[in-house]
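To start, the structure itself, in structure tokens.
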Amino acid sequence: MNDSIPLLHDRHRLLVALFFSVVAALCYHFLVENRAHVDLQVHTDKRTIFKVYWKEAGGEWSEERMAAQVIDPVNRDYSFRIGNLERIDALRIDPAERITTVRIDSLTITQNGLTPIRIDTQEALAQLRPLDGIRELTLGDQGLTIIPANKDPWLLYRVPELNKTSTLVGEAAVIVAIFLTVFALVFATKPLHAEYRFVPFLLLSALMLVAAMAAVSRFAVHPDEHVHVQAGEYYRQHNLPPPVGQAPVESYSDYGVSRLHSGEIAYFFAGKFAWVLQVFHVPGYLSLRAFNVALLFVLLLLAVNSRDFRVLLVPLLISPQIWYIFSYFNSEAYALFIVLLVAYQMAAPESACNRLLGQDDLPGRAWLTFAGLGLLLGLLLLLKLNFYFYCLFLFLYFVWRILFGQTVFDRRVFVRLGLVAAIGLSVFAGVRGGDLWLNDFDKSARLLEAREKYALEMYKPSTPLDQKHIHLQMKDRGKSLLHFIHFDRWGEKSFRTAFGVYGYTSINAPFVYYDYVRFVGLLLLFIVSATVVVRGGLAGTTLLGITGGCAVGLMAVAFYHAWTVDFQAQGRYFLPIVGMLSIFFFHVERHLTRPWVVLLLLSLYLLSLYNFLFVGLYGIDKYCFFPPT
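The working numbering puts the first residue of the sequence shown at 496, with every later residue one more than the last.
Encoded structure:
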């Protein structure tokens, strides 16, 4: 009987290796090989979004069959992918989302096994027929110049019949190579299966992709990076925030808001990190990106040295959007870093916090532990407002621990927690109080004045509603809740931007990718939830309810804000949920049927790898460090 156990384990590993090899090969075939590549040369007077829709014969235009690319006056060359050219009957080109002059110099579409489409001559450019929203169309030696009549101009291109060439041998060779490589990696990593030792290796791959994105992507092609960098650069030379209205003009966004007035302390630490790196003469934006990359590296080191930390970091594997925030400068990466440190202190039995609460007698240097934990609490309170839902989760989680015997709450624990809370609140009050003092305790009024002064006309508070941006105050404009859900599709857009959308939400994966993620994610959620309810008892079910309730609460507030204030369907607003899932998974993983859970988690990881590499890194506007000679 004992002799058969290793054989069973080998069979299990064999099936797992076969599964992931087949998944990787299929992902390459359907998501990479059978998709067309577009090379675009275009000029524009203003920053806007260039879109390409495609449809089959008899089909309709749909956002599910659309690729978008942000274009600006500085750059000319762009690349992105569309669907399977073999099935495409027509293309609809929307050259701009605002009234600005756009000139298409050339557009080349290639796909393995098909004759390339080259729209780079006057004769070929003349095949781009105006459909709607175009005031003037001029064909010249330099290209096709379009002057829109409104914010939604359309051009139509009928795809000609294309000659086919055989690429079966080449594609088969690539697929076989992918299959064998993945099979060998999965089958040969038996020692990594125990104690979640695979987590650091998977995070290392993610870190390498993050570092590559940080190194090669152009400045300010990521969401709001220019205003984030301005805030970080300010703290390279300063220690205190400027009074409202006295921040550098460049730090104000189109909304008339500067990150220097957000109250987030992330910019201070990033600025000092950049100050240290200035001896290497690194460009400012790169040194600030390096700060976020370094945060992910620290998490990786912690995972290497701690089994508990490895379990807590499992949720980082499920989405490339989580990795993406570490690849450019923003405040969310720092916030998630702090959240995960707090998660470890709260959940791990061997953490400093739990040792402090469990010891009868305090060690001689206990004051260092109190100071460290208090400082960490203060830093948590100084994050973005959406992370206060994580604070709510932590409070309910601690109550859960008391109710179900995880923590003995007596006078000793009360006093020690009170001291930590006092230190944390003192840090918070000191930073916030100093900020108010700098602004003569009239910060709200000054912020309103700054918005009125620095915001674009469509974002000024005084601008009449009918002249504001169409995504502002949609409820006041008369859009019903039903219309907001079904036609504006906040939910679907939020889901996609939570699982792999890059740039200014302009670089998307094919919709089939999001369908795969949705299926695997919902299956994983169902299996985990059902298992916890059946095996975890009242304690597990209660923790599931707390986690789900706080997550749904955060999404509900984000939804209401998008409907009533500003339509922002961005998954990064849901990052506090990662910290909630970390603690939840830490407590319930022993109840789970590990092979199935790990299998689904690794499936999400493989999909994330594809997305970050073939969508994000491929599609983002990059610097060419090695220009052709």
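The beta carbon of each residue, even a glycine, is placed where N, CA and C say it ideally should be.
Take L1039 and list the residues in its own chain whose beta-carbon comes closer than 8 Å to its own, dropping the five residues that flank it on each side. Cβ within range, chain order: S1024, V1027, V1028, G1031, F1079, V1083.
If you compare alpha carbons, which of W862, F865, G998 is closest to N825? Residue G998 is the option with its Cα nearest to N825.
Are three or more beta carbon pairs between the region 1055 to 1066 and the region 983 to 990 nearer than 8 Å? Remark: three or more beta-carbon pairs, one from each stretch, lie closer than 8 Å, so the region 1055 to 1066 and the region 983 to 990 are flagged as touching.
What are the boundary residues of the beta strand (DSSP E) that includes Q564? For Q564, the enclosing beta strand (DSSP E) stretches over residues 561 to 566.
Here's the rule I'm using: 16 or more other beta-carbon atoms within 10 Å means buried, otherwise exposed. How should F515 be labelled? Counting Cβ neighbours within 10 Å, F515 comes out buried, since at least 16 surround it.
Close Cβ partners of D855 (< 6 Å) along its chain, the five nearest in sequence each way excluded: Cβ neighbours of D855 beyond the five flanking positions: none.
For G758, which option in G929, D719, L1096, L857 has the closest C-alpha, if you only look at C-alpha atoms? Checked all of G929, D719, L1096, L857; the closest Cα to G758 is G929.
Supposed contact pair L852 and V908 - C-beta distance, whole angstroms, cut 8 Å: Confirmed, Cβ separation roughly 5 Å.
What do you reckon, are the CB atoms on T610 and V533 nearer than 9 Å? Cβ distance not < 9 Å, so T610 and V533 don't count as in contact.
Rounding to the nearest angstrom, what Cα-Cα distance links D647 and R593 in this structure? If I take the Cα positions, the gap works out to 7 Å.
Helix, strand or coil at W556 according to DSSP, with G and I counted as helix: Residue state, collapsed to three classes: coil.
Hey, could you find the ends of the beta strand (DSSP E) Y999 is sitting in? From DSSP, Y999 is part of no beta strand (DSSP E); its letter is neither H nor E.
Closer than 7 Å by C-beta to T543: which residues in its own chain qualify, once you throw out the five before and the five after it? Chain order, please. Cβ within range, chain order: I566, A591, E592, R593, T595.
Here's the rule I'm using: 16 or more other beta-carbon atoms within 10 Å means buried, otherwise exposed. How should T633 be labelled? With a threshold of 16 other beta carbon atoms within 10 Å, T633 falls short and is exposed.
Quick one: what's got a C-beta closer than 8 Å to T1124's C-beta in the same chain, skipping five residues either side? Legend: pLDDT at T1124 = 36, less than 50; position of this residue unreliable, value from coordinates given subsequently. Cβ contact annotation for T1124 (same chain, cutoff 8 Å, sequence separation greater than five): none.
Are the region 717 to 725 and the region 688 to 702 touching by the rule of at least three beta carbon pairs closer than 8 Å? Of all C-beta pairs linking the region 717 to 725 to the region 688 to 702, fewer than three are shorter than 8 Å, placing the two stretches out of contact.
My understanding is that L1070 touches E728, with C-beta atoms under 8 Å, so please give their C-beta distance in whole angstroms. At roughly 24 Å, the Cβ-Cβ gap does not stay under 8 Å, so L1070 and E728 are not in contact.
Tell me which residue opens and which closes the alpha helix (DSSP H) that D930 is part of. Looking at the DSSP string, the run of the alpha helix (DSSP H) that includes D930 is 906 to 933.
Here's the rule I'm using: 16 or more other beta-carbon atoms within 10 Å means buried, otherwise exposed. How should V971 be labelled? The displayed chain sequence assigns Asp, not Val, to residue 971. Per the 10 Å Cβ criterion, exposed.
Closest residue to T1042 among L912, G1074, V926 (Cα-Cα distance): Checked all of L912, G1074, V926; the closest Cα to T1042 is G1074.
At 3 residues or longer, what runs of the beta strand (DSSP E) sit wholly inside the region 593 to 638? Secondary structure within the region 593 to 638: the beta strand (DSSP E) runs of 3 or more consecutive residues, fully enclosed, are 597 to 605, 612 to 614, 624 to 627, 629 to 634 (chain order).
Using the beta-carbon count (16 or more within 10 Å), is W932 buried or exposed? Around the CB of W932, fewer than 16 other CB atoms lie within 10 Å, so the residue is classed as exposed.
Would DSSP call K541 helix, strand or coil? Note: K541 maps to coil in three-state DSSP.
Spatially closest choice to L951 from F525, A562, S748, by CA coordinates: Relative to the Cα of L951, the nearest Cα in the group F525, A562, S748 belongs to S748.
Can L835 and L794 be called in contact, C-beta distance under 9 Å? Yes; because the gap between Cβ atoms is below 9 Å, this pair is in contact.
Please confirm if the region 1089 to 1096 is in contact with the region 975 to 984, defined as three or more CB-CB distances below 8 Å between the two stretches. Too few Cβ pairs lie closer than 8 Å, so no.
Please list the terminal residues of the continuous beta strand (DSSP E) segment that includes F575. If you look at F575, you'll find it in the beta strand (DSSP E) that goes 572 to 576.
Given a cut-off of 9 Å, decide if R587 and W649 are closer than it, judged by their beta-carbon atoms. Their beta carbons are under 9 Å apart, which means W649 touches R587 by this criterion.
If the criterion is Cβ atoms closer than 9 Å, does the pair I897 and F888 meet it? In this structure, F888 does not lie closer than 9 Å to I897 by Cβ.
Does the distance from the CB of V788 to the CB of V705 come in under 9 Å? For V788 and V705, yes; Cβs fall inside 9 Å.
Could you please give the first and the last residue of the uninterrupted beta strand (DSSP E) stretch that includes Y652? Start and end: 649 to 653.
What residues match up with W549 in a beta bridge as DSSP calls it? L586, per the DSSP bridge assignment.
Touch test, the region 536 to 550 against the region 617 to 631, Cβ-Cβ under 8 Å, three pairs minimum: Pairwise C-beta distances place the region 536 to 550 out of contact with the region 617 to 631, as fewer than three of them are shorter than 8 Å.
Which residue or residues does DSSP assign as beta-bridge partners of L967? According to DSSP, which records beta bridges pairwise, L967 is partnered with D1061.
Does DSSP classify V1028 as helix, strand or coil? Of the three classes helix, strand and coil, the one that applies to V1028 here is helix, per DSSP.
Can you find the residues in the same chain that come closer than 6 Å, C-beta to C-beta, to F714, ignoring five residues on each side of it along the sequence? Closer than 6 Å at the Cβ level, and outside the excluded window around F714, lie Y780.
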